[in-house]
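Under this note's numbering, the letters of the sequence shown match residues 64 to 375, in that order.
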Amino acid sequence: MLFKKITMKNNFRFIIYVVITFLMNKFFLNNNSKGILWMFGFIINITIMALCIRELSYKYNSFEIQNFRNFFSIIILLILFILNKNVKINTYQLRNNFIRNIFHFIGQSCWTWGLTVLPLALVFSLEFTMPIWASIIALLFLKERITLNKILFLIIGLIGTYTILLPGTNNINFYNLIVLFSAIAYAVAHNFTKKLTETDSILSILFFMSVIQLPFSFIGSILVGNINYYILNELPLIIFLTITSLLAHLSLSSALKNSDATVILPIDYIRLPLIAVIGWYYYDEIMTYNIIIGSSLIIFGTIFFVKNDFMK
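1) Considering residue 350, what are the terminal residues of the alpha helix (DSSP H) in which it resides?
2) In whole angstroms, what is the alpha-carbon distance linking residue 295 and residue 145?
3) Note down, in chain order, each residue of its chain lying with its Cβ closer than 6 Å to the Cβ of residue 307, except the 5 sequence neighbours on either side.
4) Leaving out the 5 sequence neighbours to the left and right, which residues in its chain are closer than 7 Å to residue 252 when beta-carbon positions are compared?
5) Taking the alpha helix (DSSP H) that residue 150 belongs to, which residues open and close that run?
6) Taking only the alpha-carbon atoms, compute the straight-line gap between residue 337 and residue 194 and give it to the nearest angstrom.
7) Could you give the first and the last residue of the continuous alpha helix (DSSP H) run that contains residue 321?
8) For residue 299, is the classification buried or exposed, using 16 other Cβ atoms within 10 angstroms of its Cβ as the cut-off for buried?
9) By DSSP, does residue 257 sit in helix, in strand, or in coil?
10) With three or more C-beta pairs closer than 8 Å as the rule, is the region 122-141 touching the region 348-355?
11) Do you know how far the Cα of residue 123 is from the Cα of residue 21?
12) Going by C-alpha to C-alpha distance, which of 335, 347, 127, 187 sits closest to residue 279?
13) When the Cα atoms are used, what is the spatial distance from residue 99 to residue 213?
14) To the nearest angstrom, how far is it from the Cα of residue 173 to the Cα of residue 186?
15) For residue 160, does the three-state DSSP call read helix, strand or coil?
16) Check whether the region 257-269 touches the region 216-223, taking contact to mean three or more Cβ pairs, one atom from each stretch, closer than 8 Å.
17) Under a Cβ-count criterion, where at least 16 other Cβ atoms within 10 Å of its own Cβ denotes burial, should residue 157 be classed as buried or exposed?
18) Tell me which same chain residues have a C-beta within less than 6 Å of the C-beta of residue 276, skipping the five on either side of it?
19) For residue 273, which residues from the same chain have a beta carbon less than 6 Å from its beta carbon, with the 5 sequence-adjacent residues on both sides left out?
20) Quick one: give me the first and last residue of the alpha helix (DSSP H) that residue 273 is part of.
21) Have a look at 106, 256, 114 and flag the residue whose alpha-carbon is nearest the alpha-carbon of residue 181.
22) Kindly give me the distance between the Cβ atoms of residue 318 and residue 102, rounded to whole angstroms, as I take these residues to be in contact under 8 Å.
23) Residues in the same chain with beta-carbon distance under 8 Å from residue 359, minus the five sequence neighbours each way, listed in chain order, please.
24) What residue from 96, 117, 125 has the CA that sits closest to residue 286's CA?
25) Give me the Cβ distance between residue 281 and residue 130, rounded to the nearest whole Å; I'm assuming they're in contact under 8 Å.
26) Between which two residues does the alpha helix (DSSP H) harbouring residue 210 extend?
27) In this structure, how does DSSP classify residue 336 when only helix, strand and coil are distinguished?
The structure is reproduced here in structure tokens:
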């Protein structure tokens, strides 16, 4: 199985993580260079996380996978808090934490489920529509100023989304809509995450995310079917999934902290060809023309908007 190939270097992941951090500080890399390195860390971890979900989906449903990940995330974070007395668990925005995690859980559930039934490249392509929905939400509810660049970005992005959803037919796949809805839910959660980072540390946000979402994933597991508690054989993969999930969040937050969006955003799109090659090699998945064309439109529109917005 793919898991056997992935986990060969599992014992060295934290060592590599510490070494990279040391080297960045040792050689005094500028913020943009640090941000780029953190972004590559995010790409690696989010890709491996998706592969872990695909492998676990052969035995567990999406809610069970989230349930295990939330549970072990709490354990790992508690250990970190105990070992590091300088890191504290607190929040100044409990209400925003709760609202953020309701939408994040919805998005995570749809995204995780999509990875189990759809080609990996298609799931990532639809996920990349998140900035489109975030902009629409900001315009409608946060009363952001409407500009020509935003209008062009939304038009190009929506055309790209429509192209992905219609693979040469007149019918939109229901599965695709579920993953698209995850991007919309992520967009709402993203706006709350930005507010949370003003007062709360990323580790605290991750801890409350796991605590709040654990009962949701547990209830979901019960509603979907009987919970499979036998995880001994898959325990290394579940822990591996948990670690890569936490590292993905930390890497992305560190990248955004060190660099401007104009620097790191284009790098994130490396995920799409990377996951397309992996999906083709391991799962015989084909990246169709509509995914390539639609994703290209979304990527072009996003980069164009961010760069023009930054130059103002």
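Idealized CB from N, CA, C, for every residue including glycine.
For this structure:
1) Element bounds for residue 350: n/a, residue is neither H nor E.
2) 26 Å
3) 108, 111, 112
4) 163, 166, 167, 170
5) Per DSSP, residue 150 belongs to no alpha helix (DSSP H) and is neither H nor E.
6) 20 Å
7) 298-321
8) exposed
9) helix
10) no
11) A query on residue 21 cannot be resolved here, the shown segment of the chain reaching from 64 to 375 and no further.
12) 127
13) 26 Å
14) 10 Å
15) helix
16) no
17) exposed
18) 133, 164, 168
19) 133, 136, 137
20) 265-287
21) 114
22) 4 Å
23) 223
24) 125
25) 5 Å
26) Where residue 210 is concerned, there is no enclosing alpha helix (DSSP H), given that its DSSP letter is neither H nor E.
27) helix
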